[in-house]
Each structure stands twice: as C-alpha cells, then as structure tokens.
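J.:
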Amino acid sequence: MTMAITIIHLIVSLIIILVVLFQSGKTSGLSGAIGGGSETYLSRNKSKSLDSRLAKATKWFGLAFWVLTLILNIIA
Numbered sequence: 013m014t015m016a017i018t019i020i021h022l023i024v025s026l027i028i029i030l031v032v033l034f035q036s037g038k039t040s041g042l043s044g045a046i047g048g049g050s051e052t053y054l055s056r057n058k059s060k061s062l063d064s065r066l067a068k069a070t071k072w073f074g075l076a077f078w079v080l081t082l083i084l085n086i087i088a
C-alpha cells in the first residue's frame, strides 16, 4: 500500500514540474516594454486560456501532492 502511494506521489510531483515549466512568464521583460510586444489579440487570448488551464492544473496537482504527503506521513 505504501509503495503504491509513493509511486503515485512521485508521478504527481513530476507532473507538477512539467506543468509549471510549460507555463509562460507573467512579464515579457524589458524588451517587451520597449518594443511594445508583437502579440495579436487572438494569440494573446489563446495563450491566456492555455495559461489559465495550466494554472488550474497546477493548483489541483499541488493539492493532490499535499494530500499524498499527509497520507504518507500518517502511514509512516
């Protein structure tokens, strides 16, 4: 039982890492401020919807990670 929860915990932690890495940065830095940004209205909305889904996935997988960590600590 503990081994199965540990494997699930490992998988969830790897998924959190991937989801966070796929998210785009919130600021475009100095080059975006000077250049004005080259995004169109449609590409901006597309990336925001993807970013919002990734942010939601981060929250859910973070919650799952937290719960699995508590379960593993209670079992141990």
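Under the numbering used here, think of the first position of the sequence shown as 13, with each following residue one higher.
Note that beta-carbon positions come from the ideal geometry of N, C-alpha and C, so glycine has one too.
#1: Who are the Cβ neighbours of Ile87 in its own chain at under 6 Å, not counting the five residues just before and after it?
#2: What does the Cβ neighbour count give for Phe73, buried or exposed, with the cut at 16 atoms within 10 Å?
#3: Does Arg65 have its Cβ less than 7 Å from a Cβ in chain D?
#4: Cα separation between Phe77 and Ser36?
#5: If distances are taken between C-alpha atoms only, which option among Thr18, Lys71, His21 comes closest to Val31?
T.: On the basis of the coordinates in this document:
#1: Counting only Cβ-Cβ distances below 6 Å, and skipping sequence neighbours, we find Thr14.
#2: By the neighbour-count rule (16 or more Cβ atoms within 10 Å), Phe73 is buried.
#3: The question asks about chain D, but that chain is absent: this structure has only one protein chain.
#4: Taking the straight line from one Cα to the other gives about 22 Å.
#5: Ranking Thr18, Lys71, His21 by Cα distance to Val31 puts Lys71 first.
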